[in-house]
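Worksheet: one structure, shown below.
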Amino acid sequence: MRVAYFLALFLSVIGSQFASAQEVSRYLTIEPAAHWVNQVDRLNVAFPLGKDREINYLLVDNQIRFGETDTEVFLHYAEQLLTPSAIEDNSSLSITFDPSYQTISFHHLHRVRNGVVTDILDPSLFDMYRAEVERDKLIYNGEMVLAYLVPDVRVGDILDYSYTIHGRNPALGSNFSGRFQLQYGVPVQYQYKRVLVPSGRDIEVRSYGKPPKPAISEFEDETEYLWTSKNIPEIEVDGYLPGSYIAYPSTYLSSYESWKSVGAHFAPFYDVSQIRSDELQQIASDIRAKHVSDKERLRAALDFVQREIRYLGIEIGPGGFVPRHPDQVLRNRFGDCKDMVVLLTALLAELNIEAVPVLVDFDIRGDLEIFPPSHNSFDHVIVSATVAGTPYFLDPTRGVQLGDLDHLQQADFGKGLVVAKNGPGIISIKAPQPEFYKDFTDSYDVVSDPEAVMLTSVSRYRMAAADSILSWYKKVGPTAANRSFLEFYQNSRPQTESVSDLKVDVDETTAEVVITGQYRIPNAWQEGETPDWLEFYSDTGDLLHDMPGFVGASRTMPFALPHPVRTRQSMRFILDDTWEIGDDQQSYVQPAFEYHRSENFEDEIYTKEVIYFSKSDRIMADEFVATMGAIQNARNDTQVSLTISPPYDPGFIEEWIDGFDEDTFGFYAYILCALLISLIGASLLKNSDVAWREYQVFHPISLTKFVVMTIGTVGIYPVYWSFKNWQWVRDVDAQSVSPFWRAVFSPITNFSLFARMASVPQESNRFRSSATLLAAILLVGEFLGWYEGELEASVEDWLLVISIVTLLAWIPVVRHVNKLNTTYPDVIRKNSRFGWPALGMLVLFLPFFVLFTLAWFDPIL
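So the number in the working numbering is just where the residue sits in the sequence shown, counting from 1, plus 381.
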């Protein structure tokens, strides 16, 4: 939208080579716009959409003329700067261009202040600087920045300026393509987009995001495409978008007839059939002498290029498309992707191995065909080599790789374009994948050392992950690597000590790196929030690092995911015969990813294995809420908590059962029957919350409904609420429990239920320390209720005390469950409706409510 900002210019000046000694006049002329340009003025009217903005974009005028061998790009902007920060960021102009084939004509620079137009263009104020914005990627394209620091700019001024960039990269010949964005992240008052192409040229025009259609006019020797619009509102764009996603309404056009024609145009640049090189022949001869099979020779040729040629891109002018001769690359011992691909294909030709270049793109990847055919859809090139009918997709710029030809990491771009005169066009590029790129096993020995827990970590890396971790290890060195691994474990347990240095095993054939570390964790058992309980926590931190984080907001656009990711982490706990742990498993399967967890206890070893692998590079917008809910559940599912608790004494429960007052048995049996009818009905009838149960955590409900239902059912509704929570434990948490019987004996099972509720991770979890106490209060309240005949108090007194105590004890439980579901307010709202099952329960218990109400005022009843 803007040409530049002062801050960006400042950073480029500081971080690039100063080049003001260049003669500006060689590349810049001051002259009127060319005859083919349509003169457009800004609208001199109010702009309501620009209210409360720092900058008002009053005019965006872009006109492009594609000739047979030349391109002219006319740009005209009018911007009103309304704040000091807007002036600071936008009162400088900068134009990036390639001096090897481009020049600039500057037409006008006007300042409008209080309606007065002033020509402030001073050619002596232009400067030029080297840009090289991709220098951190070892790419040098020779681009220059023509800069103009506009003097005397004040709040409210309008800057109105225009210029033309002349020139087309000679490597493109008569081909051209372009993209025209037609809506932005800011409002625009007037937009004028115009394209001129030679008459008779077949141009493909493809639109995205429902932009306005162009008006097409035919002239004597040119065809015009014109888009005009006024008062264009801003468009909100979500963050974290996939690289191929087109967020803003846009139109693409291209002169290429097909993808095959794109590959055919660049084929002569990569033709190695006529290359003759003595040095290349000698290298091929050495490879033939050392290796017998074509697979071995192909692997050796790739290894030679990766070891001997360092990556460095000199992509000035045609160099952005045309590779250098292999002899020059061998002399320099450096080159970019094009240079290294030509060197490798030429070497393979000497070895009689079939190989072709394939154009690919790091962002677009497998979505190439959603765009019209164009050279702009590529930013990289690889080699497709075929041995015995099997294609191998090789990237010589990856650096030295591990593995033989069947195990090394191949290029995985989804799709690519074969560069050949009569090539197949777009082909699929799918690299083999290991079962897991990363495979971690953490073994905790909790019995051999009474003073500490001993940890042995084994980290296995395969293919690309192996190349990456080995490169990192060699770069930082053993000492820093030891410290890094230790600090990883100290982040969760600062007292962790290293027992020995890391052991690194490298399998160069299977492309696998295994790093083993041994650690001692003193004072590993920490006192829990419950007195006399000792706890030891662990989680799958390595796997969590590879999983996407939870993002709670809804979206209208897809969410980008790292892909491919295949990670497994296992935690093994060596225990003794005093432990009893059941087997369990859980899975979350979504279109974008899968998560699987399994637990088993065998031979006094408890193992929890967690697997995550991606299935796509994005989460679609309509699947985002459900997928993020599954991600949150999966991330919460990775923890392990071992607890040593004091022996449980059931004497109180037994005493409570034995002390039941038989004089009131008939009355309470009547109430119990009503409760059983409610629970049986709830079990047999279709549950209203089944559609959204998997997205909630336990059974959230508004406090208002809970209080009303508890009073209306004379204190019985909490039993039904316990049933719904146990139902969630069975269906969503996949636990083998009976919600019906757990609810019937809720005074006892509340201890287990509340403990489960307290174990759900939260930033601030005060409920953990009070869960057992609340369950005990409810049990005592139930005990007093059954023993009301033995209390020295009137009926209304014990009814009042028990009711108040029970309600007060339940309130923090209900509030805690609602807090666990703060990201799902719709779920709480749906569960809190008074549907016919709730109304039916109120009607069923109405007689008892009336009896208790009457008893409140007349104890004789």
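Even for Gly, the Cβ is constructed at its ideal location relative to N, Cα and C.
Inter-residue Cα distance where the pair is residue i and residue j
i, j, result
"V1244", "K574", "Residue 1244 lies beyond the range of the chain shown here (382 to 1242); nothing can be said about it."
"F1226", "W1217", "14 Å"
"S481", "G694", "16 Å"
"E435", "I468", "9 Å"
"K989", "D742", "39 Å"
"Q572", "W608", "8 Å"
"R843", "P593", "49 Å"
"V932", "S631", "28 Å"
"E615", "A845", "41 Å"
"V1100", "R746", "55 Å"
"L577", "M509", "30 Å"
"E605", "E599", "6 Å"
"H488", "Y544", "5 Å"
"G716", "S558", "27 Å"
"R1149", "R1137", "9 Å"
"V1231", "L1188", "19 Å"
"A1174", "F1079", "Note that A1174 has pLDDT 46, beneath the 50 cutoff, so the model's placement of it is unreliable and no number is given."
"I1209", "P1193", "16 Å"
Three-state secondary structure (DSSP) of residue i
i, result
"Y870", "helix"
"I1129", "helix"
"Q1013", "helix"
"E449", "coil"
"Y458", "strand"
"G694", "strand"
"A736", "strand"
"V1176", "Low per-residue confidence applies at V1176: pLDDT is 47, beneath 50, and the placement is therefore not dependable, though the value from the model is reported in the following sentence. Helix, per DSSP."
"P903", "strand"
"I1025", "strand"
"F917", "strand"
"P831", "coil"
"L976", "Just to set this straight, residue 976 is Tyr in the shown sequence, not Leu. Strand, per DSSP."
"S997", "coil"
"E677", "helix"
Selection from the options that minimises the alpha carbon distance to residue i
i, options, result
"W503", "S481, Y542, D470", "The sequence shown places Asp at residue 503, not Trp. Per the Cα distances, Y542."
"E750", "Y969, S639, F1005", "S639"
"Q966", "A934, Q1116, V1078", "Q1116"
"L661", "A682, S852, E889", "A682"
"A1002", "A1219, E893, V1089, V618", "V618"
"I485", "R947, L463, E412", "E412"
"L463", "E404, I902, F478, L540", "L540"
"H761", "Q655, E878, R423, M721", "M721"
"I850", "A414, V895, P623", "V895"
"S838", "R669, A427, T921, F940", "T921"
"E696", "A670, N550, S1213", "N550"
"L474", "P1193, L711, V534, E983", "V534"
Where the alpha helix (DSSP H) through residue i begins and ends
i, result
"G1093", "1084-1093"
"G795", "G795 -> not in any alpha helix (DSSP H); beta strand (DSSP E) instead, spanning 795-799."
"H926", "922-927"
"R947", "Element bounds for R947: not the alpha helix (DSSP H) but the beta strand (DSSP E), 947-955."
"E469", "465-471"
"K1211", "1206-1212"
"D659", "659-671"
"F1104", "1098-1112"
"A596", "Run containing A596: none in the alpha helix (DSSP H); it sits in the beta strand (DSSP E), 596-599."
"T911", "Premise fails: T911 is in no alpha helix (DSSP H) and is neither H nor E."
Sub-8 Å separation of residue i and residue j beta-carbons
i, j, result
"T1130", "L1223", "no"
"Y633", "Q562", "no"
"F759", "S765", "no"
"V737", "L798", "no"
"R1074", "S1103", "no"
"S879", "Y854", "no"
"T452", "G548", "yes"
"T822", "S951", "yes"
"D886", "N863", "no"
"Q564", "K611", "no"
"I690", "R657", "no"
"V800", "V723", "no"
Unbroken beta strand (DSSP E) run spanning residue i, endpoints
i, result
"D820", "819-826"
"K611", "603-613"
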